[in-house]
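Numbering (the numbering used here), first residue to last: 77 to 469.
We treat Cβ as the ideally placed atom computed from N, Cα and C, and that holds for glycine.
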Ligand SMILES: Cc1cc2nc3c(=O)[nH]c(=O)nc-3n(C[C@H](O)[C@H](O)[C@H](O)COP(=O)(O)O)c2cc1C
């Protein structure tokens with residue numbers, strides 16, 4: 077029910093309405109950009125122009141990227157995993173162009189952004205009308221396509237549970253919700269059976285492809301879809317692996333939380349190269365991801381640490397992970413001491429936080445009959461693009 081008196085933003089329980097709301101905001105920013113085109117020749121980069129330029133920059137430098145990521149990493153892979161028949165045909169015809177347009181609009185924006193830098197600080201009143209025209213036109217028709225085809229399809233075919241996963245992912249991307257390890261899956265049962273994997277089936281970006289498979293793993297209710305093995309090798313060259321839970325994945329990489337002084341922490345300090353592995357046996361799938369590991373920012377680690385239950389926070393402080401201890405009684409003594417010292421407001425210890433693996437090689441493996449499996453590998457290139465190739469089973 078809409079309230080005509082107050083223009084309230086929709087909640088994340090209606091993620092498609094939130095995406096439409098973002099489009100409305102983009103339209104306002106595009107209008108401001110066009111207003112600037114007529115304002116600047118008459119008034120120069122005056123205070124009003126500077127303010128308008130800053131507002132447009134603020135929006136397209138941050139919110140628009142989040143909006144694109146919502147579509148690329150969550151919405152389109154989720155639709156791709158769900159659409160059937162005519163919907164699937166339509167989606168396959170639209171999705172590559174949508175992704176390509178995002179890239180082109182990013183490039184066009186960079187050109188305008190550097191002009192706006194100077195308008196925003198009052199040093200220039202130059203804004204190229206053809207650059208602005210191209211950008212406005214591209215965004216306008218892009219949004220029209222999404223509103224005419226993608227949004228109605230999403231509303232029609234995504235289940236309430238999928239909508240809630242989508243809304244949750246969008247909130248996490250904006251730091252509005254701590255990353256959760258598990259999502260209610262009760263009504264998401266779906267039988268994928270034996271599948272195949274072809275070059276054409278896989279998306280251009282491995283993170284988007286991972287998102288698609290991850291959503292499918294959740295829908296299929298595989299056991300612990302977010303559990304992954306992390307393999308590390310210290311300076312002695314001896315590998316070690318263990319299971320951790322992925323807490324977030326996005327354009328930046330794959331994140332988990334742990335103790336920086338643990339064995340894995342020591343090995344990563346000596347050698348940041350690592351490999352993570354997901355195995356989803358119910359779908360006969362594995363994903364192998366390799367790359368360099370970095371620590372997450374203290375801000376991100378705080379956000380996750382303080383979102384955990386109090387007892388988990390205390391346990392993280394009390395445990396010198398991977399160090400020997402005489403017996404369980406000793407551990408409980410440590411825990412009680414930490415609880416007494418911290419009360420209900422423990423501080424995240426500096427040695428506890430997140431690691432993010434920034435991938436440079438991602439392999440998707442789909443089991444097939446007679447061990448004639450499908451393997452598609454993405455490799456990061458020097459210019460930041462990914463190549464994709466099939467390798468033999
Ligand atoms: C299902 C599962 C999930 C786990 N999740 C985590 C995790 O998110 N973070 C973590 O530090 N350890 C986690 N562990 C424990 C690790 O496997 C491991 O015992 C611990 O991190 C110490 O490893 P290290 O001595 O190699 O550093 C998990 C274990 C299992 C079986």
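Pairwise C-alpha distance: residue 222 and residue 96
Distance between the alpha carbons of residue 96 and residue 222: 9 angstroms.
Between residue 397 and ligand 1, is there a pair consisting of the residue's CB and a ligand heavy atom that are separated by less than 7 angstroms?
Residue side-chain check: residue 397 places its Cβ nearer than 7 angstroms to a non-hydrogen atom of ligand 1.
Who are the Cβ neighbours of residue 332 in its own chain at under 8 angstroms, not counting the five residues just before and after it?
Taking C-beta separations shorter than 8 angstroms and ignoring five residues to either side along the sequence, the partners of residue 332 in its chain run 304, 306, 320, 321, 322, 323, 430, 431, following chain order.
Please determine whether the Cβ atom of residue 333 lies at a distance below 7 angstroms from any heavy atom of ligand 1.
Yes, since a heavy atom of ligand 1 falls inside the 7 angstroms radius drawn around the Cβ of residue 333.
So, are the CB atoms of residue 327 and residue 351 less than 8 angstroms apart?
The beta carbons of residue 327 and residue 351 sit no closer together than 8 angstroms.
Three-state secondary structure (DSSP) at residue 86?
Coil.
If you check the beta carbons only, do residue 157 and residue 288 fall under 8 angstroms apart?
Yes; because the gap between Cβ atoms is below 8 angstroms, this pair is in contact.
Is the beta carbon of residue 379 less than 8 angstroms from the beta carbon of residue 251?
The Cβ-Cβ distance between residue 379 and residue 251 falls below 8 angstroms.
Compare the C-alpha of residue 218 against each of 170, 244, 145 and name the closest.
Of the listed residues, the one whose Cα sits closest to residue 218 is 170.
Give the C-beta separation of residue 455 and residue 437 to the nearest angstrom, bearing in mind that I take them to be a contact with Cβ-Cβ under 8 angstroms.
Taking 8 angstroms as the upper bound for CB-CB distance, residue 455 and residue 437 are in contact here, some 6 angstroms apart.
Residue closest to residue 370, alpha-carbon to alpha-carbon, out of 353, 346, 135, 356
If we check each option's Cα against that of residue 370, 346 comes out closest.
For residue 197, the three-state DSSP class (helix, strand or coil):
In the structure shown, residue 197 sits in coil (DSSP, three-state: anything other than H, G, I, E or B).
Distance check for residue 469 and residue 162, CA to CA, integer angstroms please.
Distance between the alpha carbons of residue 162 and residue 469: 32 angstroms.
Can you tell me where the alpha helix (DSSP H) holding residue 221 begins and where it ends?
Its alpha helix (DSSP H) spans residues 205 to 221.
Tell me which residues share the same chain as residue 143 and place their Cβ nearer than 6 angstroms to its Cβ, disregarding the 5 neighbours each side in the sequence.
Excluding its 5 nearest sequence neighbours in each direction, residue 143 has C-beta neighbours in its own chain below 6 angstroms: 98, listed in chain order.
My understanding is that residue 275 touches residue 452, with C-beta atoms under 8 angstroms, so please give their C-beta distance in whole angstroms.
That pair is a contact at about 6 angstroms.
Answer yes or no: do residue 245 and residue 150 have a C-beta to C-beta separation smaller than 8 angstroms?
Yes.
Would you list the residues sitting across from residue 329 in a DSSP beta bridge?
Residue 329 is bridged by DSSP to 326.
Using only alpha-carbon positions, find the residue among 272, 357, 280, 417 that is nearest to residue 301.
The residue with the shortest Cα to Cα distance from residue 301 is 357.
So what does residue 430 bridge to, in DSSP terms?
Secondary-structure assignment with DSSP links residue 430 through a beta bridge to 333.
Reduced DSSP category for residue 235 - H, G, I as helix; E, B as strand; rest coil:
Coil at residue 235, not helix or strand.
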